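Residue numbers (our numbering): 4 to 131.
What follows is a set of notes on a single structure, which appears directly below.
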């Protein structure tokens with residue numbers, strides 16, 4: 004009878020330890036998911052401000068200014084898209100969208116390509 008009780012207590016201890024491990028794993032996964040989500044949001048926001056800054060800089064420069072820059076396919080592994088719609092810049096990922104106002108621009112961004120932005124006769128052209 005003593006061996007049976009010892010075996011039962013051992014199994015009970017293993018079961019409790021396993022349960023604690025499962026709860027800890029679930030809690031850790033939630034924290035990693037939250038941190039990953041915050042990272043994605045920060046990357047989308049940073050890209051939006053970077054592109055807005057590029058457009059604003061061109062608007063303040065002289066006619067004839069032109070610059071080429073590349074937009075990568077992903078933001079540190081997160082697919083995204085950047086578009087200008089009715090003087091609003093939108094940077095969108097799978098889970099987030101970040102809109103910012105911009106001056107009027109003719110054209111749009113192309114992700115995973117070299118983009119050309121220029122100012123001619125006071126008008127900003129993007130990939131035109």
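We put the beta carbon where it would ideally sit given N, CA and C, even for glycine.
Predicted model, so just to flag it, every value in this text is computed and none were measured.
If you follow the beta strand (DSSP E) that residue i is in, where does it begin and where does it stop?
i           : result
residue 108 : 108 to 110
residue 100 : 100 to 104
residue 118 : 116 to 123
residue 91  : 91 to 96
Could you check how far apart the C-beta atoms of residue i and residue j are, in whole angstroms? I think they sit under 8 Å.
i           : j           : result
residue 109 : residue 61  : Actually they are not in contact, since the Cβ atoms of residue 109 and residue 61 sit about 12 Å apart, beyond 8 Å.
residue 101 : residue 30  : That pair is no contact at about 29 Å.
residue 111 : residue 130 : 7 Å
residue 122 : residue 74  : Not a contact, Cβ separation roughly 19 Å.
residue 84  : residue 114 : 6 Å
residue 96  : residue 107 : Rounded, the Cβ-Cβ distance is 25 Å, inconsistent with contact.
Per DSSP, what are the beta-bridge partners of residue i in this structure?
i           : result
residue 88  : 91
residue 129 : 110 and 120
Is the region 12 to 20 close to the region 53 to 63, with three or more CB pairs under 8 Å? no
Can you find at least 3 beta carbon pairs, one from the region 90 to 98 and one from the region 116 to 127, that sit closer than 8 Å? no
Whole beta strand (DSSP E) runs in the region 15 to 85 with 3 or more residues, listed along the chain? 69 to 74
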